[in-house]
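Those protein sequences? They're chains A and B, same order as listed. First residue of the first sequence? That's 14 in my numbering, and the numbers climb one at a time after it. First residue of the second sequence? That's 14 in my numbering, and the numbers climb one at a time after it. The beta carbon of each residue, even a glycine, is placed where N, CA and C say it ideally should be. Notes to accompany the following structure.
There are 2 protein chains.
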Amino acid sequence: MGLLPGFSSVVLAMALALLNAASVHGGKVLVFPVDGSHWINMNLLIEGLHTRGHEVTVVRTSTSWYIKEQSPHYHSITIPLSEAMNLEKQDFFVQFLAKMLVLQKEGASVMAFVSFYRQMLTTLSNIHHQACQVAEKMFKDKALMQSLRDAQYDVVLMDPGLPFGVLFAHELKLPTVFNVRWITSGEGHFVVAPSPVSYVPTSGSAVTDKMTFLQRVRNMFHFLLNIAIDNLVVSPHYNRLVEKYLEPGTNFYQLLQGADIWLMRVDFVFEFPRPTMPNIVYVGGFQCKPSKPLPADLEDFVQSSGEHGVILMSLGSLVKGLPVEITNQIAAAFAQLPQKVIWRLPGEPPSTLGNNTMLVKWMPQNDLLGHPKVKAFVAHGGTNGIYEAIYHMVPIVGIPLLFDQFENILRLEVRGAAKGVDVTKLTSQNFVETLQEVLHNPSYRDNMKRMSDLHRDKPMHPLDTALFWTEFVMRNKGAAHLRTESYKLPWYSYHSLDVMCLLLAVLSLLAALVVLSVYFLCFKLCRRKDKLE
Amino acid sequence: MGLLPGFSSVVLAMALALLNAASVHGGKVLVFPVDGSHWINMNLLIEGLHTRGHEVTVVRTSTSWYIKEQSPHYHSITIPLSEAMNLEKQDFFVQFLAKMLVLQKEGASVMAFVSFYRQMLTTLSNIHHQACQVAEKMFKDKALMQSLRDAQYDVVLMDPGLPFGVLFAHELKLPTVFNVRWITSGEGHFVVAPSPVSYVPTSGSAVTDKMTFLQRVRNMFHFLLNIAIDNLVVSPHYNRLVEKYLEPGTNFYQLLQGADIWLMRVDFVFEFPRPTMPNIVYVGGFQCKPSKPLPADLEDFVQSSGEHGVILMSLGSLVKGLPVEITNQIAAAFAQLPQKVIWRLPGEPPSTLGNNTMLVKWMPQNDLLGHPKVKAFVAHGGTNGIYEAIYHMVPIVGIPLLFDQFENILRLEVRGAAKGVDVTKLTSQNFVETLQEVLHNPSYRDNMKRMSDLHRDKPMHPLDTALFWTEFVMRNKGAAHLRTESYKLPWYSYHSLDVMCLLLAVLSLLAALVVLSVYFLCFKLCRRKDKLE
Chain A
14 MGLLPGFSSV
24 VLAMALALLN
34 AASVHGGKVL
44 VFPVDGSHWI
54 NMNLLIEGLH
64 TRGHEVTVVR
74 TSTSWYIKEQ
84 SPHYHSITIP
94 LSEAMNLEKQ
104 DFFVQFLAKM
114 LVLQKEGASV
124 MAFVSFYRQM
134 LTTLSNIHHQ
144 ACQVAEKMFK
154 DKALMQSLRD
164 AQYDVVLMDP
174 GLPFGVLFAH
184 ELKLPTVFNV
194 RWITSGEGHF
204 VVAPSPVSYV
214 PTSGSAVTDK
224 MTFLQRVRNM
234 FHFLLNIAID
244 NLVVSPHYNR
254 LVEKYLEPGT
264 NFYQLLQGAD
274 IWLMRVDFVF
284 EFPRPTMPNI
294 VYVGGFQCKP
304 SKPLPADLED
314 FVQSSGEHGV
324 ILMSLGSLVK
334 GLPVEITNQI
344 AAAFAQLPQK
354 VIWRLPGEPP
364 STLGNNTMLV
374 KWMPQNDLLG
384 HPKVKAFVAH
394 GGTNGIYEAI
404 YHMVPIVGIP
414 LLFDQFENIL
424 RLEVRGAAKG
434 VDVTKLTSQN
444 FVETLQEVLH
454 NPSYRDNMKR
464 MSDLHRDKPM
474 HPLDTALFWT
484 EFVMRNKGAA
494 HLRTESYKLP
504 WYSYHSLDVM
514 CLLLAVLSLL
524 AALVVLSVYF
534 LCFKLCRRKD
544 KLE
Chain B
14 MGLLPGFSSV
24 VLAMALALLN
34 AASVHGGKVL
44 VFPVDGSHWI
54 NMNLLIEGLH
64 TRGHEVTVVR
74 TSTSWYIKEQ
84 SPHYHSITIP
94 LSEAMNLEKQ
104 DFFVQFLAKM
114 LVLQKEGASV
124 MAFVSFYRQM
134 LTTLSNIHHQ
144 ACQVAEKMFK
154 DKALMQSLRD
164 AQYDVVLMDP
174 GLPFGVLFAH
184 ELKLPTVFNV
194 RWITSGEGHF
204 VVAPSPVSYV
214 PTSGSAVTDK
224 MTFLQRVRNM
234 FHFLLNIAID
244 NLVVSPHYNR
254 LVEKYLEPGT
264 NFYQLLQGAD
274 IWLMRVDFVF
284 EFPRPTMPNI
294 VYVGGFQCKP
304 SKPLPADLED
314 FVQSSGEHGV
324 ILMSLGSLVK
334 GLPVEITNQI
344 AAAFAQLPQK
354 VIWRLPGEPP
364 STLGNNTMLV
374 KWMPQNDLLG
384 HPKVKAFVAH
394 GGTNGIYEAI
404 YHMVPIVGIP
414 LLFDQFENIL
424 RLEVRGAAKG
434 VDVTKLTSQN
444 FVETLQEVLH
454 NPSYRDNMKR
464 MSDLHRDKPM
474 HPLDTALFWT
484 EFVMRNKGAA
494 HLRTESYKLP
504 WYSYHSLDVM
514 CLLLAVLSLL
524 AALVVLSVYF
534 LCFKLCRRKD
544 KLE
């Protein structure tokens with residue numbers, strides 16, 4: 014048998030999308046994005062919406078790093094912010110990473126760890142505090158609020174990583190579409206879909222969907238920890254805003270849960286299978302697209318690798334630098350290999366750099382990953398890069414550094430498509446061994462190919478799916494029929510604890526009656542027996 | 014703004030499907046269908062698979078009523094069955110209905126009710142016993158089993174209403190696609206998706222997704238009842254087979270839960286929103302299609318209705334007749350109306366029949382429902398008819414008689430698209446009033462139109478979705494990445510009860526330590542105080 018391969022169906026779906034695009038006219042979209050790598054995803058959606066004839070307005074701050082004021086694809090509303098926590102400029106993540114490495118490497122004291130963790134929570138709180146400051150400035154600006162009302166948008170599109178947009182969606186009585194993977198302090202699913210802790214890994218727990226008893230205990234611990242962080246560190250900022258600016262009885266968490274459509278940046282080729290809801294639409298890998306030809310000099314370098322091929326390395330946009338001792342180890346490892354290496358490294362060149370390694374400040378990552386000479390991808394494990402690697406079938410050597418990167422690499426390891434390296438224990442020796450295993454053991458590429466085939470085998474490209482459902486919400490003024498309102502139940506009713514108490518009470522009563530009856534009967538019988546005797 | 018209306022996207026998706034069809038070559042599909050109205054759905058899928066170049070083999074019995082031995086779309090394997098419970102020939106459902114009506118009408122004694130319920134369970138048990146007899150005949154037929162192995166099918170497609178096909182899928186090591194709404198003794202979702210009883214209605218409970226406390230108690234009761242029926246009445250038949258013919262350690266319920274893709278005959282326009290799983294694909298209304306022109310005589314009759322329009326009535330294929338006193342009341346009600354009526358009535362004409370009513374043995378239901386003159390549909394509430402009515406925006410007067418029909422009509426009533434009539438209390442007077450309300454209150458048609466718009470607003474027609482995912486399983490030899498294996502956990506682990514016990518134990522220990530320490534401290538202090546005094 015020769016069944017339809019997935020890719021041609023994607024091509025056909027693209028043709029359909031073009032046909033679709035022709036018959037759509039302009040709606041109005043109000044966007045609350047999150048800065049940094051999140052913006053890359055959101056901007057793609059915005060470009061798609063613009064191409065399909067919609068008018069997009071983006072809310073940004075005067076201190077945004079990635080979100081430009083001027084764009085051919087959107088208008089912008091800029092909220093002035095003088096005292097911004099500009100995480101990029103402060104090299105926050107470089108410092109954060111350096112501290113974490115020291116702590117992990119030296120087996121630091123409990124006090125040092127607590128102090129570090131406290132600092133992390135303070136930072137988290139500050140980020141949300143700043144988001145709420147932006148929101149408050151908007152609420153206080155009567156002219157702005159009136160202009161938002163007058164604009165008559167059709168939908169609020171937002172990244173709920175910083176979820177203050179839900180307050181404005183509520184205020185403007187607009188349906189909401191989330192472009193989401195993380196929300197407040199955890200994975201987005203946990204807010205809206207049943208998530209049995211027995212097989213759904215919680216953020217931070219670093220377990221798979223098949224856990225031992227102790228792993229399940231750990232998963233439960235992280236689950237409770239995330240709830241605590243959400244309730245004590247994150248939500249209070251938003252609750253204060255809701256109380257101050259929205260009508261009484263409004264509940265921030267219910268605003269989050271009430272979103273019409275969740276465009277979830279997840280694909281089950283990568284994520285473990287788990288319960289979901291009818292209004293969650295999976296768009297993982299929606300940024301993936303065929304590669305374009307490389308610039309001539311890069312193509313020459315790639316071709317010069319001959320039969321050995323090329324290794325790519327990039328640790329993403331957030332981390333500007335690794336400690337020098339680590340980059341030296343990595344460079345020394347690369348220098349031992351017959352492959353050519355293209356390494357995106359913003360800082361100083363390592364002293365141990367080999368002739369086979371080209372350092373670049375930026376690279377056309379998607380076009381390189383799609384090049385047949387590229388044999389492996391050394392990556393930090395951000396989801397954008399991972400989905401591109403899956404799409405182009407390039408196995409990964411993972412050096413996870415922050416946040417969800419550890420769990421992302423774990424997901425690929427479980428599927429035999431990547432091998433992770435612990436950055437705190439990285440030496441040129443073990444790094445070379447890992448590289449050679451991923452380069453020479455064909456199972457890594459085979460498993461990546463299998464994942465890629467499954468990922469591409471869809472009736473529609475995920476970007477078209479995302480655009481379809483955003484337009485669906487605009488056309489139908491929401492998607493109430495896909496959205497449960499069970500989150501409005503008290504927790505004990507949601508979990509049927511009240512019903513079970515009643516049933517237990519009734520059963521106990523029945524049992525008591527039976528016992529009493531038997532006792533009474535025995536008593537009577539005994540007395541009669543006594544009398545007879 | 015003028016966004017793309019749903020229908021044109023459906024047309025485009027159909028064009029895509031045609032393109033797809035051209036590039037698909039033959040796989041081999043083994044089908045285990047369920048007879049009766051279920052077969053109508055399955056046959057549609059089979060025709061689709063045949064059109065796309067696949068070779069389909071259907072397992073039927075020599076006593077099948079709907080499933081013909083010869084078809085241009087499939088081969089068949091006929092299992093001889095002499096002593097079949099032929100439900101149709103025995104007029105089983107007519108008798109069943111008559112008994113039920115008497116019980117409901119006359120407020121029968123508890124004993125009569127228990128005896129009736131017992132008979133119902135016996136019938137259920139007999140149906141599954143017969144399915145297992147078919148399976149056993151197959152397992153014992155060595156030549157047949159060898160030919161099944163030799164045929165090298167790509168997938169088992171089955172209706173798990175009678176789920177013996179999973180045993181053969183397991184034996185033949187084939188991936189499985191379910192075409193499903195009901196399974197063993199309940200709604201299919203309950204087997205594979207988390208189903209909080211607090212907002213997910215259980216089969217038989219006749220509640221919506223928004224329940225009072227007492228309704229939640231009732232829902233829990235039906236939930237427990239369904240589990241009991243499944244464990245005591247249904248599963249034992251299959252367990253016996255599994256023990257006898259499959260390797261030790263195989264678990265029937267896990268075979269059910271392990272299906273690769275569930276093509277769920279549900280659309281959330283109709284069903285209440287509820288948790289789902291990544292391998293559940295919604296194909297509700299996949300039988301819906303544009304109407305064709307009517308035969309000339311029927312068209313003449315319909316046109317003769319003038320401005321008043323036409324009422325359709327059909328109570329489906331299962332029930333051959335209602336008691337005469339009820340059909341007389343219905344006919345008398347119709348006779349009072351200015352509309353024309355087309356009534357599919359297999360039995361004797363009622364004595365009270367009016368001139369405006371045409372009795373037919375069969376009617377082109379989809380073509381009539383799509384006719385602009387048709388104003389209302391009097392229906393029993395089977396899902397096939399309901400989805401056709403939704404597709405063609407025809408409001409419903411419901412006369413639910415059996416099984417899920419009560420709950421189906423309830424779902425439409427909640428959405429304001431239908432009004433139900435209690436058949437045990439039906440009089441010509443209240444029936445006329447109900448008809449007039451549905452005919453003259455525009456909200457019924459408006460709500461049906463809203464549901465229809467939402468139902469049609471999909472990126473692909475549900476039939477194409479069903480075919481895509483069936484072929485997906487064939488191409489990829491299953492869909493393991495979409496399927497959780499959490500069902501293999503013991504129930505106490507699945508619900509994290511063991512983890513919670515540990516946490517409680519640790520907390521208790523900590524509390525005890527604190528209490529003891531405080532007690533010890535007090536004791537010491539008091540003693541010192543005593544000494545000082």
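Cα-Cα separation between residue i and residue j, rounded to whole angstroms
| i | j | result |
| --- | --- | --- |
| Ser36/A | Val190/A | Any reading at Ser36/A must be qualified, since the residue scores a pLDDT of 40, below 50, and its modelled position is unreliable; no value is offered. |
| Val147/B | Phe45/B | 11 Å |
| Phe283/A | Gln418/A | 13 Å |
| Leu350/A | Asn369/A | 8 Å |
| Ala431/A | Asp48/A | 28 Å |
| Asp470/A | Val294/B | 15 Å |
| Gln378/B | Pro261/A | 52 Å |
| Ala346/A | Phe444/A | 6 Å |
| Met464/B | Ile403/B | 7 Å |
Beta-carbon neighbours of residue i, restricted to chain A and to distances below 7 Å
| i | result |
| --- | --- |
| Asn341/B | Those do not exist, as Asn341/B stays about 39 Å from chain A at its closest Cβ, beyond 7 Å. |
Beta carbon proximity, residue i to chain B, threshold 8 Å
| i | result |
| --- | --- |
| Ala346/A | no |
| Phe390/A | no |
| Asn556/A | No answer is possible for residue 556/A: the residues shown for chain A start at 14 and end at 546. |
| Asp470/A | yes |
| Arg229/A | yes |
| Phe299/A | no |
Listed by chain order, chain B residues near residue i by CB distance under 7 Å
| i | result |
| --- | --- |
| Asp48/A | Residues of chain B passing the Cβ test: none, with the nearest at roughly 29 Å. |
Beta-carbon neighbours of residue i, restricted to chain A and to distances below 9 Å
| i | result |
| --- | --- |
| Phe203/B | Result: empty, since nearest Cβ-Cβ is about 13 Å, beyond 9 Å. |
Within chain B, partners of residue i - CB distance below 8 Å
| i | result |
| --- | --- |
| Asn252/A | Going along chain B, no residue has its Cβ under 8 Å from Asn252/A, so there is no contact; the nearest lies around 25 Å. |
| Phe281/A | Pro291, His494 and Leu495 |
| Phe265/A | What Phe265/A touches in chain B: nothing, since even the nearest Cβ is about 21 Å away. |
| Pro209/A | Pro207, Ser499, Tyr507, His508 and Ser509 |
Start and end residues, beta strand (DSSP E) containing residue i
| i | result |
| --- | --- |
| Ser89/B | His88 to Ile92 |
| Asn192/B | Thr189 to Val193 |
| Met487/A | Unbroken run through Met487/A is the alpha helix (DSSP H), Pro475 to Asn489; no beta strand (DSSP E). |
The alpha helix (DSSP H) enclosing residue i, as first and last residue numbers
| i | result |
| --- | --- |
| Ile403/A | Thr396 to His405 |
| Leu467/A | Pro455 to Arg469 |
| Gly433/B | Run containing Gly433/B: none in the alpha helix (DSSP H); it sits in the beta strand (DSSP E), Ala431 to Gly433. |
Helix, strand or coil at residue i [DSSP, three-state]
| i | result |
| --- | --- |
| Arg496/A | coil |
| Ala389/A | strand |
| Lys223/B | coil |
| Ile339/B | helix |
| Thr215/B | coil |
| Ala156/A | helix |
8 Å Cβ cutoff, residue i in contact with chain A
| i | result |
| --- | --- |
| Leu185/B | no |
| Asp222/B | yes |
| Asn489/B | yes |
| Tyr166/B | no |
| Leu57/B | no |
| Tyr212/B | yes |
| Pro286/B | yes |
| Met406/B | no |
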